[in-house]
Each structure stands twice: as C-alpha cells, then as structure tokens.
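Here's the structure, in structure tokens; my notes come after.
Protein chains: 2
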Amino acid sequence: MKQGVDLLFHAFLDVFGQDEAALRAAKLGRAHRRALYFIARNPGVTVAGLLAILKITKQSLNRVLNDLLDGGFVERRAAPNDRRMRQLRLSPKGAQLETALWDAQRPKLVRAFREAGPDAVAGFRRVLSGLAPAEKRNRAIGSIP
Amino acid sequence: MKQGVDLLFHAFLDVFGQDEAALRAAKLGRAHRRALYFIARNPGVTVAGLLAILKITKQSLNRVLNDLLDGGFVERRAAPNDRRMRQLRLSPKGAQLETALWDAQRPKLVRAFREAGPDAVAGFRRVLSGLAPAEKRNRAIGSIP
DNA sequence: TAAATACGTCAGTATGTCTGACGTAAAAAC
DNA sequence: GTTTTTACGTCAGACATACTGACGTATTTA
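If you read the protein sequences in the order shown, they are chains A and B.
Residue 100 in our numbering sits at position 96 of the first sequence, with consecutive numbering throughout.
Residue 36 in our numbering sits at position 32 of the second sequence, with consecutive numbering throughout.
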C-alpha cells in the first residue's frame with residue numbers, strides 16, 4: 005500500500021511539478037497554473053468554488069487571482085442570479101496559455117494511459133475516486149456544468 | 005483524461021495535505037513528514053538518493069534534515085563502503101512518529117483500496133507507474149534494498 | 001431595516017523552496 | 001603521491017506560497 009503512496013507522490017510531482025517555460029514567460033508560478041487549470045475545467049466557477057477545489061485560503065487565492073486578472077488571463081464577472089458571486093472564466097489569452105501548457109504535458113499522460121490500457125485506467129479512477137473527498141469527485145461546487 | 009488529472013490532484017491533497025496533530029506536536033511541517041516518510045521507505049538511503057526522490061535542492065533538504073536530526077528522529081552515519089556518503093535511517097523515536105502518522109492516514113487508504121478491489125488497484129499502479137519517471141518507479145537510488 | 005453572505009483587501013507571519021558561494025572529507029584518477 | 005572529483009554541509013539572501021486576523025463593501029435574505 006505504501007508503494008501506492010510512493011507512486012502517487014512521484015506521479016503528482018511529474019504532472020503538477022513541472023516548471024514550464026510558458027509559465028515563466030508569463031511571469032506566473034505553479035499556483036497560477038493550478039488556478040488556471042481548474043478555472044478552465046470549471047468555467048464560471050465562483051471564487052468560493054475555486055477555494056474549495058484548491059483548498060487554500062481566500063487571501064492566498066486572491067493574490068494569485070489578481071495576477072491572473074492583471075495579466076488578462078482570467079475574466080471575472082458577477083453571477084446573473086446572485087450578483088454577490090463572481091464567476092471566473094478564462095479569457096481567450098488565458099485559454100491559449102492553458103492550451104499550450106496542457107499540450108506540453110499531454111503526451112506523457114496519453115502514453116501512460118495508453119500503455120496501461122483502458123481497464124487499468126478504469127481502476128486508476130476507481131481508486132483515486134475513493135481517495136479523493138466525496139464532494140470533489142465530480143465537478144466543483146459553484147461551477148456551471 | 006483531464007478528469008484523471010483532477011482526481012490525481014484531489015487524491016494527492018487528501019493523502020499528503022493533511023495537517024497532523026502529531027506533526028505540530030513535534031514542531032515539524034509537511035516537508036519533514038515527506039522526508040520522514042521516504043527515509044522510512046528507504047532505510048539507509050543516501051542524501052543524494054533522498055534528493056532525487058523529493059526533487060528539491062540540497063540546501064532545502066538540509067534545513068529539513070537538520071531539524072529531524074536535532075529532534076532525534078533520524079540517524080545519519082557514513083556508508084561503510086564509501087565514507088563520503090551518509091546513510092539515513094529513522095531512530096526509534098522517528099520510527100514511532102512515522103508509525104503514528106501512518107496509522108492516522110492508513111484507514112482512508114485501506115478503505116479506498118478495498119472498495120476499489122484488487123483489479124482496480126493493479127490498474128491504479130500501472131497507470132501511476134507509467135506517469136512517474138522511470139528511474140523512480142522502484143526503490144530509490146542509494147537505498148539498501 | 002437588520003442580518004447574513006460573498007467577496008476584496010491590508011498587514012504581518014510562517015514555511016518551503018531557490019540561487020550562489022564556499023568549505024571539508026574521502027575516493028578516484030593521474 | 002599529488003591532483004581532481006565526488007558527496008556532503010553550510011552561510012547568506014531571496015522568492016513563492018500559504019497562513020491568521022481584521023476590516024470594508026455590495027448584495028441578498030430575514
């Protein structure tokens with residue numbers, strides 16, 4: 005079982021620990037990359053929703069978010085039904101960056117998934133779904149499905 | 005595929021992001037916990053070996069390692085065959101802490117693994133093995149198997 | 001109108017990590 | 001047997017990320 009934890013650690017480093025040139029070019033760090041990724045995954049997610057995903061504090065997110073807003077990577081606007089909430093989505097510029105970042109790490113994932121085979125991938129998902137907290141197994145709270 | 009990345013992120017947070025009371029009681033942080041874990045997993049690992057696992061710099065590790073040495077959680081001694089290398093292992097006190105930490109997170113893993121079933125676990129390992137860099141798939145360089 | 005909610009921000013702090021430079025002991029190369 | 005390389009330790013300074021706590025604002029709900 006500990007072997008599984010080892011693997012989880014290394015795989016996570018491999019997927020999320022990369023130091024992309026495209027990121028540094030945009031003067032962004034890994035925290036920005038994660039935010040960007042989950043905004044892309046959950047277009048229209050609210051600030052509270054994103055906080056729940058990233059599990060960081062409002063203050064921590066705000067710094068990152070302001071960088072992304074200042075850089076024009078993310079757009080923020082009031083939710084139509086409740087104007088207290090702010091919905092977040094990628095700008096075209098942000099989407100372009102996200103695509104570039106994703107394309108850079110995609111081959112590794114494709115290869116791993118294909119080499120393992122569909123049954124292994126199904127098992128991979130089942131185990132990780134059991135590990136991740138129940139509320140987070142699907143899309144984020146506050147996102148528009 | 006991105007769904008798999010989402011899962012990996014949340015599962016990692018769940019497994020490695022915990023803020024154990026036992027850690028704070030020992031005045032240690034998550035970086036110490038990771039070092040402790042991988043020393044426990046690779047008894048006799050060298051400093052360079054541990055660096056390769058954690059993928060941090062020598063200076064970063066040294067601060068963490070010194071805390072662990074000062075606290076009496078880890079023992080360091082020269083390798084018999086090459087006295088330039090230092091082998092790291094847990095002290096009884098360190099092993100005790102590691103066991104306590106592990107026992108705290110174990111139930112979650114046991115449950116996830118059991119609920120998913122052995123085939124799913126096998127798939128989980130296959131996929132993660134494909135994601136993790138090849139050199140790290142087994143035990144660490146510098147460890148005594 | 002009053003209270004609660006969702007968010008933004010200011011200020012200060014802790015943690016974890018980095019680069020760069022320098023030093024030491026031991027092994028390997030010559 | 002001297003020189004070079006290796007493996008590690010350390011000092012100094014910096015940056016990135018995240019935290020706690022307090023306070024302000026707009027908007028919705030009671």
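Just so you know, even glycine gets a beta-carbon here, dropped at the ideal spot from N, CA and C.
Compute the Euclidean distance between the alpha carbons of residue i and residue j, then round it to the nearest angstrom.
i, j, result
"R143/A", "L65/B", "Residue confidence is low: R143/A scores 42 on pLDDT, short of 50, so the model does not pin down where it sits. No coordinate-derived value is stated."
"R81/B", "T50/B", "10 angstroms"
"A99/B", "A44/B", "7 angstroms"
"V9/A", "P84/A", "43 angstroms"
"H14/B", "K59/A", "9 angstroms"
"A155/A", "F128/B", "Residue 155/A is absent from the structure shown; chain A starts at 5 and stops at 149."
"L40/B", "Q91/A", "41 angstroms"
"S147/B", "D86/A", "No answer about S147/B holds up, because its pLDDT of 44 lies below 50 and its placement is not dependable."
"D123/A", "V131/B", "10 angstroms"
"R28/B", "R37/B", "11 angstroms"
"L55/B", "D18/A", "15 angstroms"
"E79/B", "A120/B", "38 angstroms"
"V125/A", "F117/A", "6 angstroms"
"P47/A", "R93/A", "5 angstroms"
"F16/B", "R115/A", "21 angstroms"
"D107/B", "L135/A", "16 angstroms"
"S133/B", "R88/A", "45 angstroms"
"R67/A", "A35/A", "10 angstroms"
"S95/B", "G53/B", "19 angstroms"
"F20/A", "F42/B", "20 angstroms"
"P137/A", "L69/A", "25 angstroms"
"P111/B", "P111/A", "34 angstroms"
"I57/B", "I57/A", "27 angstroms"
Which whole-angstrom value is the C-beta distance of residue i and residue j, which I expect to be below 8 angstroms?
i, j, result
"L5/B", "L11/A", "Sequence check: residue 5/B is Met here, not Leu. Not quite, the Cβ-Cβ distance comes to about 18 angstroms (not below 8 angstroms), so this is no contact."
"K97/A", "F77/A", "6 angstroms"
"Q22/B", "Q109/B", "6 angstroms"
"A30/B", "L101/B", "6 angstroms"
"L32/A", "D71/A", "7 angstroms"
Who are residue i's beta bridge partners in DSSP?
i, result
"R81/A", "Q91/A"
"T50/B", "Q91/B"
Given that residue i touches chain A, what residues does it touch there, using C-beta distances under 7 angstroms?
i, result
"K6/B", "R45"
"L12/B", "A15, F16, V19, L132"
"K97/B", "Neighbours of K97/B on chain A: none; closest Cβ ~20 angstroms, over 7 angstroms."
"E119/B", "G134"
Report the neighbours of residue i on chain B: residues whose CB is nearer than 9 angstroms to its CB, in chain order.
i, result
"K112/A", "G134, L135"
Please compile the residues from chain B whose C-beta is within a distance smaller than 7 angstroms of the C-beta of residue i.
i, result
"A52/A", "In chain order: nothing, as chain B lies at least about 17 angstroms away."
"A116/A", "V131, G134, L135"
"V49/A", "The contacting residues do not exist; V49/A stays about 13 angstroms from chain B at best."
Starting from residue i, find everything on chain A with Cβ-Cβ shorter than 8 angstroms and list it in chain order.
i, result
"D123/B", "D123, G127"
"K59/B", "L17, G21"
Runs of alpha helix (DSSP H) wholly within the segment 10 to 39 of chain B (minimum 4 residues, chain order)
25 to 29
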